[in-house]
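Chemist: Residue numbers (this note's numbering), protein chains in the order written: chain R, 71 to 508; chain U, 71 to 508.
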């Protein structure tokens, strides 16, 4: 390709992200073209909703209604899938890759569900997949893992990957208000979707964790193979208890790899993080990721995890990388696209170890603490601290236990046994405590 | 190049970094080769000190004493300059680039002093320069600015770029001990060089700031065009005063660009940073950089800024990028290598604006505050707060003023005038206060 080469781009989907990409690409194109030595033309835009297309200012001559027409168009070299979901989006991505195109996508749910199929299609067709925008918005964490930290193996990656949950938890802490109230507010302000479950139940975080695990360890971990818990059961009292113990509650994705046993584990759960930890101080809609490499040590990456502009920044950087690759003749697989046959196993979730936080609502009567302590002892769980508060229930108390490092299996057994005690009201709340320093 | 291509690498210098690169490259080579689809061979190592070479386990057959022999060797495609300094290192880099090779360097002093010459040589020879290790050790901040945030313009970049200074300031705060004592300790522990001036006087930070400014704005700013102050005059009292006012003192590099006037300014100075700011909580030998892009918003990058392993991680990622480039046929300039003719001007230092912290040692006698306040008012500087403490001097007091946003020129005038007052003992200490939120 010569310096004056033209790169033709197709954009599928004019939602928040698609509109942002169109807008910012128009604004930054001159500078990008100068730096990349190629002309960038958004030749086709697929959107069914004509009003959206008109308000974004898409010329009618470039507009099509069927995204598959964009995926198949032989004149296009790069196809941006910004439709979302896992049905049409999957078809678009697979069709474009079968045609040997480079695909840029922000779709974490799609990659998590169909990653192996998508990357196999890219290898077969000689195309590529870029997905910087799928994790942590505009923070270049995909590039960091793919390229910047290529000399490292990763015993621990963890972080806050969902801005909606972090916004809700931050406001619950700052205003001592219950989850449902803050959620309603977040919806009104546009920080939570009308159907919030993908975010607050931890699924969105799990999709992103799956992508980070793939980048770091070369293996796709499905959501069914992870421990996934959301933030809906957290109360302002839990947040206050955590604060009294020196922690903040954050919804974390935690990806651990044990190089001795060659096992990887992925979990998503609300976690008590020591307040002096940088990640504990990542608040509001910000995401923060801690990456520990065996050579580099711990590095941290923080920024807005979502939003039109931050996500558009990431999509445009992927387009720039795609242009560079095209100008190179597209012969290079990116490092993580080579399949790894490293015998990596999934660590059984029941074997995971950490300290725990357990909140029980119990009848306020003599002997309750003794009965609870007998159950924990029987399961080999050693208690580190006990707090007791008045409970929202009449004639009841909230009992908050923290444990020394124990395993998940023992704690789950403890919780089941406790639930069978007549003196324990409600379902106990079990949270994990982060025992890593950075 | 075929998949089984061999890439030949020359390593110049077996100091801390060179030894680390040799060691970690040996350890990670198999995995790197699989991911990059090429064999990596460190064909030549240049080191005059035979003991160093022997203790690193360099085979005699690969060892040469003159780094220029490596730079000239036609069998090598990548030359790593890890010698340091700006004399031999410059010759090595220019010679390798003249021969069309790819140069990987960790040498910030060299790039800051000779950046334009080096990049011109790369363009002329058809070679390239990679320098991830020159700023913030293993944190991939160069890649983030070069590629990940390519859609952005950067109104503000600031951060902690020198681990030695941050270590000293952190320990001064934690232990309330004076600078000289902590410096001596840091030397004993290997956190400061025998000749510490490059670090503590701010020069090392300035070299790195110059590289960040080049990446963000396409222009080399020389140290003579920056405001540069070190940390040697900071006392535990200043740190305590800052804490009382809600700040931590950090040696910051601050790169601002005004897109209306098209001016850039680079300054390196100990700065009061609000304690809630993430950068204020980056302690010890860690570096932390805040990058505000006009599209992505604010993103932050944190990690160990130096040390054998962190730096080797960055050098090896550059080698991987160089291999990718070689496999592409090396035809691509990296985005920042194209010269930009954007009419960018340097902002006059005297015009820079921020709030200030001013510590004066004054005679403890009536009327002193009135005289000081008269001088500040005459210079148009508006005082925000006043603290007074007993001074180390007998019959004297420490007077700490903070000002509203003022300009550098007015403050310097104020300080000169104050020094001429008979009641002001010693040289006043003038520090800047960060007025950015993230």
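Every residue gets a Cβ at the ideal spot worked out from N, C-alpha and C, and that includes glycine.
Roughly how far, in whole angstroms, is the beta-carbon of residue 79 of chain U from the beta-carbon of residue 324 of chain U, given that I think they are within contact range, below 8 angstroms?
Modeler: One-based indexing of the second chain puts residue 79 of chain U at position 9. One-based indexing of the second chain puts residue 324 of chain U at position 254. So it is not a contact: roughly 37 angstroms between Cβ atoms.
Chemist: Look at residue 445 of chain R and residue 484 of chain R and say whether their C-beta atoms are less than 8 angstroms apart.
Modeler: As a first step, residue 445 of chain R is located in the first chain; it is residue number 375 there, counting from the start. As a first step, residue 484 of chain R is located in the first chain; it is residue number 414 there, counting from the start. Yes, Cβ-Cβ distance for residue 445 of chain R and residue 484 of chain R is below 8 angstroms.
Chemist: Round the Cβ separation of residue 365 of chain U and residue 379 of chain R to the nearest angstrom and send it over; I've been treating them as touching at under 8 angstroms.
Modeler: Taking the first residue of the second chain as 1, we reach residue 365 of chain U at position 295. Taking the first residue of the first chain as 1, we reach residue 379 of chain R at position 309. At roughly 5 angstroms, the Cβ-Cβ gap stays under 8 angstroms, so residue 365 of chain U and residue 379 of chain R are in contact.
Chemist: Can you list, in chain order, the residues of the segment 204-234 of chain U whose Cβ is nearer than 7 angstroms to any Cβ on chain R?
Modeler: 208, 209, 210, 213, 214, 217, 218, 219, 220, 221 and 222
Chemist: Any idea what DSSP makes of residue 239 of chain U, helix, strand or coil?
Modeler: Walking along the second chain from the start, residue 239 of chain U turns up at place 169. Correct three-state label for residue 239 of chain U: helix.
Chemist: State buried or exposed for residue 278 of chain R, treating a residue as buried only when at least 16 other CB atoms are found within 10 Å of its CB.
Modeler: The residue labelled residue 278 of chain R in the question sits at position 208 within the first chain. Label assigned to residue 278 of chain R: buried.
Chemist: From this set, U:116, U:123, U:155 and U:195, which residue's C-alpha is nearest residue 136 of chain U's C-alpha?
Modeler: Against the second chain, residue 136 of chain U aligns to sequence position 66. Per the C-alpha coordinates, the member of U:116, U:123, U:155 and U:195 positioned closest to residue 136 of chain U is U:116.
Chemist: DSSP three-state call for residue 435 of chain U: helix, strand or coil?
Modeler: Residue numbering aside, residue 435 of chain U sits at position 365 when the second chain is read from its first letter. Coil, per DSSP.
Chemist: In its own chain, which residues sit with a C-beta less than 7 angstroms from the C-beta of residue 438 of chain R, not counting the 5 before and 5 after it?
Modeler: Taking the first chain and counting its residues from 1, one reaches residue 438 of chain R at position 368. Excluding positions up to five away in sequence, the list reads 432 and 493.
Chemist: If we ignore side chains and look at the alpha-carbon of each, how far apart do residue 448 of chain R and residue 491 of chain R end up?
Modeler: Here residue 448 of chain R corresponds to residue number 378 of the first chain, with the count starting at 1. Here residue 491 of chain R corresponds to residue number 421 of the first chain, with the count starting at 1. Whole-angstrom Cα-Cα distance: 14 angstroms.
Chemist: With a 10 Å radius around its C-beta and 16 neighbouring C-beta atoms as the bar for buried, classify residue 462 of chain U as buried or exposed.
Modeler: Position 392 of the second chain, counted from the first residue, corresponds to residue 462 of chain U. Residue 462 of chain U is exposed by the Cβ-count criterion.
Chemist: To the nearest whole angstrom, what separates the beta carbons of residue 149 of chain U and residue 158 of chain U, a pair I think is in contact under 8 angstroms?
Modeler: As a first step, residue 149 of chain U must be located in the second chain, where it is residue number 79. As a first step, residue 158 of chain U must be located in the second chain, where it is residue number 88. About 13 angstroms separates the two Cβ atoms, so there is no contact after all.
Chemist: Of all the beta strand (DSSP E) runs that stay within the bounds of the segment 306-339 of chain R, which reach a length of 3 or more residues?
Modeler: 317-328
Chemist: For residue 348 of chain R, would you say it is in contact with chain U, using Cβ-to-Cβ distances shorter than 8 angstroms as the test?
Modeler: The count along the first chain starts at 1 and reaches residue 348 of chain R at position 278. By this cut-off, residue 348 of chain R is an interface position.
Chemist: DSSP three-state call for residue 351 of chain R: helix, strand or coil?
Modeler: By 1-based counting over the first chain, the position of residue 351 of chain R is 281. Here residue 351 of chain R sits in helix by DSSP.
Chemist: Should residue 318 of chain U be flagged as near chain R, meaning a C-beta pair shorter than 8 angstroms?
Modeler: For the purposes of this step, residue 318 of chain U is identified with residue 248 of the second chain, where counting begins at 1. Answer no: the Cβ-Cβ gap between residue 318 of chain U and chain R never drops below 8 angstroms.
Chemist: Of all Cβ atoms in chain R, is any one closer than 8 angstroms to the Cβ of residue 18 of chain U?
Modeler: With chain U covering only 71 through 508, there is no way to say anything about residue 18 of chain U.
Chemist: Below 8 angstroms CB to CB, which residues in the same chain sit around residue 221 of chain U once its five sequence neighbours on both sides are set aside?
Modeler: Locating residue 221 of chain U in the second chain gives position 151, counting from the first residue. Counting only Cβ-Cβ distances below 8 angstroms, and skipping sequence neighbours, we find 363, 365 and 366.
Chemist: Could you tell me the alpha carbon to alpha carbon distance between residue 421 of chain U and residue 216 of chain U, rounded to whole angstroms?
Modeler: The residue you call residue 421 of chain U lines up with position 351 of the second chain. The residue you call residue 216 of chain U lines up with position 146 of the second chain. Cα-Cα distance, rounded: 29 angstroms.
Chemist: Along the chain, where does the beta strand (DSSP E) containing residue 373 of chain R start, and where does it finish?
Modeler: Working through the first chain from its first residue, we reach residue 373 of chain R at position 303. Start and end: 367-374.
Chemist: What is the DSSP secondary structure of residue 139 of chain R, counted as helix, strand or coil?
Modeler: In the first chain, counting from the first residue as 1, residue 139 of chain R sits at position 69. Here residue 139 of chain R sits in helix by DSSP.
Chemist: Can you confirm whether the segment 280-294 of chain R touches the segment 250-261 of chain R when touching is taken to mean that 3 or more C-beta pairs between the two stretches lie within less than 8 angstroms?
Modeler: These segments do not touch.
Chemist: Just checking my contact of residue 357 of chain U with residue 167 of chain U at CB under 8 angstroms: how many whole Å lie between their CB atoms?
Modeler: Here residue 357 of chain U corresponds to residue number 287 of the second chain, with the count starting at 1. Here residue 167 of chain U corresponds to residue number 97 of the second chain, with the count starting at 1. Actually they do not touch by this definition, with Cβ atoms about 28 angstroms apart.
Chemist: Buried or exposed for residue 76 of chain U, please, with buried defined as at least 16 other CB atoms from any protein chain shown within 10 angstroms of its CB.
Modeler: Mapped onto the second chain, residue 76 of chain U falls at position 6. With fewer than 16 other Cβ atoms within 10 Å, it is exposed.
Chemist: Nearest by alpha-carbon distance to residue 249 of chain U: which of U:303, U:453 and U:395 is it?
Modeler: Residue 249 of chain U sits at position 179 when you count from the first residue of the second chain. Taking only the C-alpha atoms, the option nearest residue 249 of chain U is U:303.
Chemist: Around the C-beta of residue 415 of chain R, are 16 or more other C-beta atoms found within 10 angstroms, so that it is buried, or is it exposed?
Modeler: As a first step, residue 415 of chain R is located in the first chain; it is residue number 345 there, counting from the start. Exposed, by the Cβ-count rule.
Chemist: Is it buried or exposed for residue 189 of chain R, if we count other Cβ within 10 angstroms and need 16 for buried?
Modeler: Walking along the first chain from the start, residue 189 of chain R turns up at place 119. Flag for residue 189 of chain R reads buried.
Chemist: Relative to the C-alpha of residue 156 of chain R, which residue among R:177, R:343 and R:262 is closest?
Modeler: Within the first chain, the letter at position 86 stands for residue 156 of chain R. Comparing Cα positions, the closest option is R:177.
Chemist: Give a yes or no on whether the minimum CB-CB distance between residue 198 of chain R and chain U is below 8 angstroms.
Modeler: Here residue 198 of chain R refers to the residue found at position 128 when the first chain is read from its first residue. No, no contact with chain U.
Chemist: Which word fits residue 455 of chain U, buried or exposed, when buried means at least 16 other C-beta atoms lie within 10 angstroms of its C-beta?
Modeler: In the second chain, residue 455 of chain U corresponds to position 385, counting from 1. Classification of residue 455 of chain U: exposed, given that the 10 Å Cβ count is below 16.
Chemist: Residues of chain U with CB closer than 9 angstroms to the CB of residue 172 of chain R, please, in chain order.
Modeler: Here residue 172 of chain R refers to the residue found at position 102 of the first chain. Result: empty, since nearest Cβ-Cβ is about 14 angstroms, beyond 9 angstroms.
Chemist: Which stretch, first to last residue, makes up the alpha helix (DSSP H) that contains residue 189 of chain R?
Modeler: Taking the first chain and counting its residues from 1, the one referred to as residue 189 of chain R is at position 119. It spans 178-195 - the alpha helix (DSSP H) in which residue 189 of chain R sits, taken as one unbroken run.
Chemist: Taking the straight line between their C-alpha atoms, what separation do you get for residue 468 of chain R and residue 435 of chain R?
Modeler: Indexing the first chain from 1 puts residue 468 of chain R at position 398. Indexing the first chain from 1 puts residue 435 of chain R at position 365. If you take the alpha carbons of residue 468 of chain R and residue 435 of chain R, they lie about 12 angstroms apart.
Chemist: Can you give me the Cβ contacts of residue 342 of chain U inside the same chain, cut-off strictly under 8 angstroms, excluding the 5 residues immediately before and after it?
Modeler: One-based indexing of the second chain puts residue 342 of chain U at position 272. Answer for residue 342 of chain U: 312, 315, 317, 318, 319, 427, 501, 502, 503 and 504, listed in chain order.
Chemist: On a Cα-Cα basis, can you pick out the residue from U:202, U:203, U:211 and U:169 that is closest to residue 195 of chain U?
Modeler: For this step, residue 195 of chain U is matched to residue 125 along the second chain. The candidate whose alpha carbon is nearest that of residue 195 of chain U is U:169.
Chemist: By the 7 angstroms beta-carbon criterion, what residues does the segment 412-446 of chain R contribute toward chain U?
Modeler: none
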